[in-house]
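Have a look at the structure below before the remarks.
Numbering (this note's numbering), first residue to last: 169 to 514.
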């Protein structure tokens, strides 16, 4: 695994929009505020041509434009890392226009985003053997008061921190809207991890480690069996180390979560699994359908591996989320809280 250099003081952050851009409110104001914050911190900002566009379907612009922007900005020497403008719906359609050979040959740089950006954060790991950061889009850094999750993320991509811990509470309903674009997280819910060893719930799981990768299940299930599915080769390369999978879901209900995990499982993706970190599902939170809930949706498929499964973790769409250095070697401890310790000597 190749690891990018951490961004230095007075470095340049590139903004790209391979999924949604920041053309409309409240996202435009959020991005402008984040740009002001990073400039105040001493960084330069360069924007890709699609960052403020909304002429695409489910993404900022056409798939051709988005793929071209992503390739050119990743391969460019004019920026030191990339942060995405947002998630979206159809970033998968840009993949045919991303030059993965050029990306693989380029000097590695940090690419950060989540949700629909799984289409690049995950493929950087599995196709290009390059680490990425599963973390916030640019607008989150425009909040009036940065939550620790956001300062943790900055400390990760600047190299000041190599371990992160989960947070005490989370939000179910964001207060951000056009009239209140810069409000902080609405932390109304107490975080409580659910821990499983295989299919059995336990009070504590043993520490586990491996190469961490994964992302949004909505996107991962869509990649199975395509020409972008390089997981078999990835598993073979890292079979001695094993894989820690982090998985979270956005639009999927509990039945869809189970079907998607079945799809990944039957494709052999989890054959070297050392453990699973499952984020709080957005659409499936506390949902029950025909005897299935968010927990049995997972354990019914993954329980057979008899490895630790950490559920309701601080990962994904129900903020705040810990930054995941996807592709790093990680040591995971979980009891009342989740701790991730990253190592970059993979």
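Using N, Cα and C, we set each Cβ at its ideal position, and we do this for glycine too. For clarity, every value in this text was computed on a predicted model and none was experimentally measured.
Member of the options whose CA lies at the smallest distance from the CA of residue i
i: residue 240; options: 419, 334, 344, 184; result: 184
i: residue 510; options: 504, 502, 495; result: 495
i: residue 483; options: 401, 347, 405, 332; result: 332
i: residue 251; options: 203, 229, 223, 291; result: 203
i: residue 410; options: 499, 291, 267; result: 499
i: residue 268; options: 442, 433, 243; result: 243
i: residue 316; options: 281, 514, 487, 493; result: 487
i: residue 439; options: 514, 191, 401; result: 401
i: residue 227; options: 346, 191, 211; result: 191
i: residue 492; options: 282, 338, 464, 365; result: 282
i: residue 395; options: 266, 201, 170; result: 266
i: residue 297; options: 276, 457, 388; result: 276
i: residue 456; options: 432, 270, 423; result: 423
i: residue 236; options: 255, 441, 263, 211; result: 263
i: residue 261; options: 383, 230, 453, 466; result: 230
i: residue 200; options: 309, 397, 376, 186; result: 309
i: residue 419; options: 458, 388, 467; result: 388
i: residue 160; options: 218, 451, 216; result: Since the first residue of the chain shown is 169 and the last is 514, residue 160 is not available in this structure.
i: residue 274; options: 367, 489, 392, 238; result: 238
In DSSP terms, what residue i is bridged to
i: residue 405; result: None; residue 405 has no bridge partner.
i: residue 499; result: 377, 509
i: residue 252; result: 184
i: residue 279; result: 250
i: residue 382; result: 414
i: residue 460; result: 457
i: residue 338; result: 357
i: residue 369; result: 364
i: residue 300; result: 494
i: residue 170; result: 298
Counted within 10 angstroms of its Cβ, other Cβ atoms place residue i as buried (16 or more) or exposed
i: residue 313; result: exposed
i: residue 426; result: buried
i: residue 370; result: exposed
i: residue 287; result: buried
i: residue 225; result: exposed
i: residue 413; result: buried
i: residue 501; result: buried
i: residue 470; result: buried
i: residue 289; result: buried
i: residue 348; result: exposed
i: residue 374; result: exposed
i: residue 448; result: buried
i: residue 356; result: exposed
i: residue 416; result: buried
i: residue 334; result: buried
i: residue 385; result: buried
i: residue 176; result: exposed
i: residue 428; result: buried
i: residue 345; result: exposed
i: residue 305; result: buried
i: residue 245; result: exposed
i: residue 336; result: exposed
i: residue 178; result: exposed
i: residue 285; result: buried
N-terminal and C-terminal residue of the alpha helix (DSSP H) that residue i is part of
i: residue 239; result: 231 to 243
i: residue 196; result: 195 to 208
i: residue 466; result: 464 to 470
i: residue 329; result: Taken as a continuous stretch (DSSP letters only), residue 329 belongs to no alpha helix (DSSP H), as it is neither H nor E.
i: residue 268; result: 268 to 273
i: residue 433; result: 422 to 434
i: residue 306; result: Neither: residue 306 is in no alpha helix (DSSP H) and is coded neither H nor E.
i: residue 322; result: 316 to 325
i: residue 450; result: Unbroken run through residue 450: none, as it is neither H nor E.
i: residue 293; result: 286 to 294
Opening and closing residue of the beta strand (DSSP E) in which residue i lies
i: residue 494; result: 492 to 494
i: residue 442; result: 441 to 447
i: residue 212; result: 212 to 215
i: residue 362; result: 362 to 365
i: residue 481; result: 476 to 481
Proximal residues to residue i (C-beta, below 6 Å), its chain only, five neighbours per side dropped
i: residue 247; result: 180, 182, 214
i: residue 196; result: 190
i: residue 278; result: 172, 249, 301, 325
i: residue 271; result: 242, 296
i: residue 466; result: 446
Close beta carbons around residue i, own chain, < 7 Å, minus the five adjacent residues each side
i: residue 399; result: 294, 437
i: residue 463; result: 362, 479
i: residue 503; result: 372
i: residue 210; result: 177, 178
Cutoff 8 Å; reference residue i; Cβ partners in own chain excluding five residues on either side
i: residue 329; result: 320, 323
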